[in-house]
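Right, one structure below, let's go through it.
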Amino acid sequence: MDMLRYMLRRLLIALVTLWIIVTITFILMVTVPGSPFSDERSSNEAVQANLEAHYNLDDPYYMQYLLYLKNISMLDLGPSIKQPNQTVNDLLGRGFPISFELGMITIIFAVVSGVVLGIISALRHNGVLDYLSMGFAVLGISIPNFILATLFIQKLAADWEFFPVATWSSPMHMVLPVAALATGPMAIIARLTRSTMLEVLTQDYIKMARAKGLSPWKITFKHALRNALMPVVTIMGTLLAGILTGTFVIEQIFAIPGMGKYFVESINQRDYPVIMGTTVFYSTFLIFMLLLVDIVYGIIDPRIKLHKKGGE
Amino acid sequence: MKTAEVEAQHSSSKIPDEWFQLKEKDKNASEVVSRPSLSYWQDAWRRLRKNKMAMLGLVFLVILSFMAIFGPVMTPYEVNKQDLPNQYQAPSSEHWFGTDSAGRDVFTRTWYGARISLFVGLVAALIDVFIGIIYGGISGYKGGRTDNIMMRIIEILYGIPSLLVTILLLVVMGPSLFTIILALTITGWVGMARIVRGQVLQIKNYEYVLASQSFGGKTARIIRKHLLPNTMGPIIVQMTLSVPSAIFAEAFLSFIGLGIQSPYASWGVMANDSLGAILSGNWWTLFFPAFFISFTMFAFNVLGDGLQDALDPKLRK
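Structure follows, in structure tokens:
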């Protein structure tokens, strides 16, 4: 019951956040100086008026706002101005699956390798392996992903030809973009896992498990890791946001035809409906991911389970 | 009891009583402190100095700030002076870091970029601290209903993906030094406000705050004189960590075409401009800005880590 109320409360907050983003987006869209069509070649006034009427831009602002809200709630993000006969939904439908694939592979790779590095560091505290992996982690946090990406292309793809330079067609093509995008989150996860693992390993219940004669393997993975992973789950939302914005530059650099590439192009062409629509779409996506992370956290937090058992 | 008596007899038989003298009680001597008394900050500095990585970061940042101020005037070249016949000169005694596609001196531009990047990072972090302290301080100190409402607002703002809003704002307002800082701070203060609020919530129940309240201390005075000095540690740590993220955000924005426009030259703009150049072998145009972005982020990160350890009273030995 408590869990349900908690979820409902979080859902409500997510919806309010979303509404604020949509409203900010709308306000920004109408404050852009000039009509979106003022730089068209056909600067005939009648043509412009027709265009504006076609896109309902001659309505009063509150009518436009209501229409915008209505369209967005129907998942219609509107047309693109610079690419005729294309809607934002078309672009998203084409680009997002690729970006989603890139993002998912990245996050799985980052979590698995980050947690493994963190565990190794914690188990070999102040040992050579600890210093090596933490040194690697500090580097990973410090080097921006776009610099890493150019470095990879320059050395691994162009000079040594280990991997293809660009595009997204085979698993070999995916190695470099995923590596460039995953290094930062992986480093953050590794550092976090290490510090919480070190803290957990000194707790009494771990000593108890050792005293019982449990194998180190079981102690590490069954008893310590479960608690050490909680902070990692908490920062997943932030990491997801980072990876998502990371795809903008990574897709640009590796010429991957994902949503990030369209988004950056729309920024450079000042294609406002695409910029706004993508922002709203990505914000929605992130907000619901955050919500999911919160709910997952509530489910796997061992303390909440204990509480339930006591109640029964 | 018995052993004590035996010992007393034993010693008295060995050492004559007249050897003993009554010593004047020295009131000053009892007040002398054997170890120098260290304030919180002295103690923190002592611990920070032992952290080699953090000191490396600090030294790098001091040198970088020095070069950001004096670097551009040390060379005979101007930041935006184009010299097309001399494009893509490799690093030499004339051009220490080489020249770029327009023949501009990379050494001069690098330090000029340091100015922009450090300025954006520091100002954004300072504004975050300023708003965060006021918001978090009031929320934590007032508590109850005020805190509840203020925290709901934070919860809503926290869900907004900050870099997306930043992009949106820059698209509409057009990129400039001012708009970039504005866009970075518009959501950036939320994290700081949460930290300050958490600290204040904890500290406000301590006795010295109660004492000040019972003497009739006003809210503003209590927040300023008692709560803030004691939350300074986490605030400074958070600030050291938010400077590199602002620098990264600026570089990222430059990279997707929303960076600071000419005549300024930030590191992100320089890196973006020279992307094509490295494949043709002119590595220095990308290497120097990339190196300085990375090393500055590294320096702030290790310094922040070091400060976190140094300013944590629990770790005091």
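As they're listed, the protein sequences go chains A and B. In case it helps, my numbering puts the first sequence at residues 974 to 1285. In case it helps, my numbering puts the second sequence at residues 5 to 321. Note that beta-carbon positions come from the ideal geometry of N, C-alpha and C, so glycine has one too. Here the structure is a predicted model, which means the values were calculated and not measured.
Here S43 (chain B) is exposed, its C-beta having fewer than 16 other C-beta atoms within 10 Å. Comparing alpha-carbon positions, the option among A:V1005, A:S1168 and A:T1169 lying closest to M1249 (chain A) turns out to be A:V1005. Using beta-carbon distances, N32 (chain B) does not count as an interface residue toward chain A, since no partner is under 8 Å. Three or more beta-carbon pairs separated by less than 8 Å are not found between the stretch 166-175 of chain B and the stretch 104-124 of chain B, which leaves the two stretches without contact.
The alpha carbon of L65 (chain B) has as its nearest neighbour, out of B:M78, B:S96 and B:L126, the alpha carbon of B:L126.
DSSP lists A:T1060 as the bridge partner or partners of P1052 (chain A).
The contact set of N305 (chain B) on chain A, defined by CB atoms closer than 8 Å, consists of V1111, I1114 and S1115 in chain order. For the stretch 144-174 of chain B, the beta-carbon criterion of a distance under 9 Å to any beta-carbon of chain A is satisfied by R156, E159, I160, L161, Y162, G163, I164, P165, S166, L167, L168, V169, I171, L172, L173 and L174.
Where F1109 (chain A) is concerned, the enclosing alpha helix (DSSP H) starts and stops at V1101 to S1115. Residue contact with chain B for T1140 (chain A): absent (no Cβ-Cβ distance below 8 Å to any residue of chain B). Under the 10 Å beta carbon count, D21 (chain B) is surrounded by fewer than 16 other beta carbons and is classified as exposed. Counting of Cβ neighbours within 10 angstroms places I153 (chain B) among the exposed residues, the total staying below 16.
Among the residues facing chain A, F252 (chain B) is included, as its CB has a counterpart in that chain under 8 Å away.
Around the beta carbon of H1196 (chain A), 16 or more other beta carbons lie within 10 angstroms, which makes this residue buried. Per DSSP, the unbroken alpha helix (DSSP H) holding P238 (chain B) starts and ends at L232 to F259. Taking 8 Å as the upper bound on Cβ-Cβ separation, chain A lies near no residue of the stretch 224-243 of chain B.
For I67 (chain B), no CB of chain A lies under 8 Å from its own CB, so it is not counted at the interface with that chain. Non-local C-beta neighbours of N1200 (chain A) in its own chain, meaning closer than 6 Å and more than five positions away in sequence, comprise V1173, ordered along the chain. Listed in chain order, the positions of the stretch 1217-1235 of chain A with a beta carbon within less than 8 Å of a beta carbon of chain B are L1217, T1218, F1221, V1222, Q1225 and I1226. Residues of the stretch 255-272 of chain B whose Cβ lies closer than 8 Å to any Cβ of chain A, in chain order: A255, F256, F259, I260, G261 and L262.
For A275 (chain B), the neighbours in chain A by C-beta distance under 9 Å run, in chain order, P1117, F1119, I1120 and T1123.
Using a Cβ-Cβ cut-off of 8 Å, R1199 (chain A) does not count as an interface residue toward chain B, since no Cβ of chain B sits closer than that to its own.
With contacts defined as CB atoms closer than 8 Å, W288 (chain B) and A48 (chain B) fail to qualify as a contacting pair. The residue from A:I1071, A:H1098, A:F1119 and A:V1148 with its alpha-carbon nearest to that of G1231 (chain A) is A:I1071. Contact note: N1241 (chain A) reaches chain B through G261, using a C-beta cutoff of 7 Å and chain order.
The contact set of V1005 (chain A) on chain B, defined by CB atoms closer than 8 Å, consists of V176 in chain order.
Using a Cβ-Cβ distance cut-off of 8 Å, the stretch 1081-1094 of chain A and the stretch 1106-1117 of chain A are in contact, since at least three pairs of beta carbons, one from each stretch, lie closer than that value. Assignment of D1267 (chain A) by DSSP, reduced to helix, strand and coil, places it in the helix class.
About 5 Å separates the beta carbon of A269 (chain B) from that of R113 (chain B), a gap short enough to meet the 8 Å contact definition. Secondary structure of D104 (chain B) (DSSP, three-state): coil. Flagged as an interface residue toward chain B: T1252 (chain A), by a C-beta distance shorter than 8 Å. Annotated as distal: W271 (chain B) and G102 (chain B), with beta-carbon spacing of 8 Å or more.
Across the structure, N305 (chain B) and M59 (chain B) are spaced so that their CA atoms are roughly 12 Å apart. From the beta-carbon of A118 (chain B), no residue of chain A is found nearer than 9 Å; the closest lies around 16 Å away.
Residues I264 and Q265 of the same chain have their beta carbon placed closer than 8 Å to that of S180 (chain B), with the five preceding and five following residues left out of the count.
Between S1256 (chain A) and chain B, the shortest Cβ-Cβ separation is below 8 Å.
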